[in-house]
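Residue numbers (the numbering used here): 45 to 770.
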């Protein structure tokens with residue numbers, strides 16, 4: 045029961061609280077406003093609150109919010125919603141009335157636009173992957189060569205007798221190859237006329253391939269048409285030994301891992317002698333082609349997340365043969381001996397303020413001795429590349445990279461014949477600096493802007509090359525991209541060894557790209573235009589010491605590339621289709637007038653399919669390549685490069701049988717139907733009695749190429765599954 049005294053105390057307390065009530069009401073502040081996207085669309089359900097407090101609310105259907113707080117002074121108001129960047133603003137709480145908050149789309153979303161004009165990604169980790177490294181091994185026509193696999197992509201021309209990459213009307217020397225961002229100066233094995241070359245390096249060492257057919261980054265220079273970027277494996281999955289026994293030779297490899305480092309080594313030997321004895325060959329081999337090679341990759345990881353990789357490769361090859369010649373009854377004796385050593389060191393790590401450092405260098409020494417009848421040519425090239433690059437991601441919307449690099453080449457060649465002995469060569473020194481910025485305006489719009497500057501010590505000249513690309517996302521799975529770039533490249537060694545009073549060649553790329561990716565399917569269509577200037581011309585049949593060299597050449601290349609890959613529609617089947625249309629002419633070398641070069645096909649088509657048969661534990665593969673006829677000069681007609689060869693056709697088949705989880709038996713045949721392809725013609729130097737120049741067709745040494753191999757992987761845990769390699 046309440047006493048009179050207790051009642052009086054409670055009345056006083058109540059009166060005191062009522063007296064202070066106006067004060068508490070005045071201390072509360074109402075915060076209100078609206079949350080929209082950058083386009084002005086209201087956002088329903090966004091969270092709006094004061095940082096560090098429990099005061100906040102959510103937006104209604106109109107995007108409006110309101111809540112009260114007792115906080116005073118400057119506070120930070122925050123707003124967040126899924127797929128948008130979090131908004132932050134510091135302000136006096138009394139001014140947070142009827143404010144408008146605009147949320148920007150989160151550009152870290154998987155649906156963000158990708159800058160991809162002119163570029164084919166081939167990495168297991170790429171957002172847009174058209175080929176994967178294992179495609180190099182499992183594509184029927186590739187024969188384990190990464191260049192062979194890339195020739196099934198649009199933008200390349202079918203030049204079967206050469207084997208190198210000819211991209212969008214450019215010759216093979218206009219494409220440069222880089223390993224871990226560092227230049228490879230001699231990427232192909234030497235060969236003889238009308239016999240395709242191969243890349244020197246094993247595809248098993250790489251986990252990423254980027255093939256840029258145009259519009260590539262300002263980071264890369266000295267390439268007029270294309271760059272091919274190969275990235276070595278950062279860390280092997282497990283210790284293993286690989287053994288291969290082939291009809292052409294054998295190979296062995298081993299990988300060892302320790303706590304923070306690993307070492308992989310490979311060795312192989314190839315001899316075509318047994319193959320030449322079994323299959324008919326149009327060449328008379330005095331010494332069959334043989335090569336021995338070895339590769340090693342050492343990797344060291346540091347506690348700072350730094351990674352050091354040291355790569356080295358050595359190979360030697362030699363052969364001797366007699367080649368047919370319509371003007372020499374006994375044929376032409378050709379012999380070659382080549383030794384090549386390449387080493388590459390790269391290091392990457394994070395520095396202070398979130399800057400990422402990438403540095404590296406490469407060194408190449410190549411010695412080649414060539415004998416042609418009674419003439420000998422001995423050449424030695426020493427080349428080096430040193431590079432430093434810094435990158436920083438200032439925000440999800442702005443990234444910056446900058447760097448510098450140095451190219452050094454010392455080339456010497458000696459020529460000897462019964463009549464003359466001479467020496468020639470050159471020293472080349474190119475200094476370059478580049479910078480590039482990525483600007484991500486939204487998930488739908490992105491811009492890349494770059495600038496590259498180069499100074500040539502040989503020419504005492506400085507050049508500047510701007511590059512820019514823009515991408516816009518037209519839908520959830522599709523986008524449009526445009527790109528422009530200016531590219532410079534010095535003349536090749538066949539010219540520089542005779543004449544250095546020249547300047548760099550140049551080209552400008554214009555690219556329009558459409559891409560659609562969804563449900564394990566990808567479709568790309570790309571139109572382009574290339575303008576060439578300052579191409580090298582000379583007035584003799586071949587580049588010689590007494591030729592008159594100028595930079596008066598020019599030309600163009602334009603066309604359309606289409607690519608479609610699908611591994612979803614048909615169970616256990618993966619296939620892709622590539623088509624390229626090319627219109628190109630140029631005046632260069634000893635061309636008397638502008639013409640379509642003999643290495644350019646107007647139409648190229650490639651079909652590749654792979655099908656897994658579960659009951660047979662086998663994968664069967666099919667590749668078809670078509671190239672329209674290439675130009676050649678017919679002396680029985682008026683004009684220059686006015687005639688065309690027959691169209692090129694080739695069907696390749698392969699079969700891989702999974703003996704067990706560690707062993708594969710592999711069989712392939714190139715040009716399975718033995719199409720009589722013609723690469724060109726050689727004409728008599730003088731006409732016959734009817735005034736007609738006789739000719740002979742230049743065809744591959746063999747109509748078909750067979751390959752049988754057995755591959756065995758012995759892993760440390762015994763669980764290596766070769767099915768993954770199919």
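Note that beta-carbon positions come from the ideal geometry of N, C-alpha and C, so glycine has one too.
What is the DSSP secondary structure of residue i, counted as helix, strand or coil?
i           : result
residue 381 : strand
residue 320 : helix
residue 520 : coil
residue 396 : helix
residue 547 : coil
residue 433 : strand
residue 745 : coil
residue 713 : strand
residue 569 : strand
residue 554 : strand
residue 376 : strand
residue 136 : strand
residue 422 : strand
residue 210 : coil
residue 636 : coil
residue 502 : coil
residue 217 : helix
residue 248 : helix
residue 182 : helix
residue 718 : coil
residue 292 : coil
residue 368 : strand
Going by CA-CA distance only, name the one from the options that's closest to residue i.
i           : options            : result
residue 332 : 610, 317, 472      : 317
residue 557 : 445, 570, 280      : 570
residue 560 : 589, 606, 507      : 606
residue 741 : 724, 90, 219, 567  : 724
residue 775 : 479, 646, 353, 501 : For residue 775 there is no data in the structure shown, the boundaries of the chain being 45 and 770.
residue 697 : 743, 116, 86, 182  : 182
residue 93  : 72, 119, 81, 435   : 119
residue 91  : 197, 121, 272      : 121
residue 281 : 269, 260, 251, 262 : 251
residue 720 : 634, 529, 326, 555 : 326
residue 275 : 249, 267, 264      : 249
residue 328 : 746, 751, 754      : 746
residue 424 : 418, 508, 457      : 457
residue 526 : 493, 501, 500, 547 : 493
residue 384 : 731, 508, 613, 358 : 358
residue 432 : 231, 490, 263, 355 : 263
residue 784 : 659, 694, 663, 617 : Residue numbering for the chain in the displayed model covers 45 to 770; residue 784 lies beyond these limits and cannot be assessed.
residue 594 : 625, 269, 535      : 535
What distance in whole Å lies between the Cβ atoms of residue j and residue i, which are believed to be in contact at a cut-off of 8 Å?
i           : j           : result
residue 610 : residue 370 : Rounded, the Cβ-Cβ distance is 47 Å, inconsistent with contact.
residue 113 : residue 137 : 6 Å
residue 600 : residue 629 : 6 Å
residue 199 : residue 208 : Contact doesn't hold; Cβ gap of about 14 Å is too wide.
residue 190 : residue 258 : Actually they are not in contact, since the Cβ atoms of residue 190 and residue 258 sit about 19 Å apart, beyond 8 Å.
residue 429 : residue 227 : 4 Å
residue 315 : residue 293 : 6 Å
residue 408 : residue 390 : Actually they are not in contact, since the Cβ atoms of residue 408 and residue 390 sit about 15 Å apart, beyond 8 Å.
If you follow the beta strand (DSSP E) that residue i is part of, which residue opens it and which one closes it?
i           : result
residue 313 : 305-315
residue 594 : 594-610
residue 478 : 465-484
residue 628 : 617-631
How would you call residue i, buried or exposed, if buried means at least 16 neighbouring beta carbons within 10 angstroms?
i           : result
residue 322 : exposed
residue 289 : exposed
residue 654 : buried
residue 286 : buried
residue 140 : buried
residue 680 : exposed
residue 703 : exposed
residue 533 : buried
residue 68  : Residue placement at residue 68 is poorly supported in this model, since its pLDDT is 39, which falls under 50; the coordinates are not used for a value here.
residue 304 : exposed
residue 700 : buried
residue 548 : buried
residue 640 : buried
At what residues does the alpha helix (DSSP H) containing residue i begin and finish?
i           : result
residue 190 : 190-194
residue 445 : Premise fails: residue 445 lies in the beta strand (DSSP E), 442-460, not in any alpha helix (DSSP H).
residue 538 : 537-540
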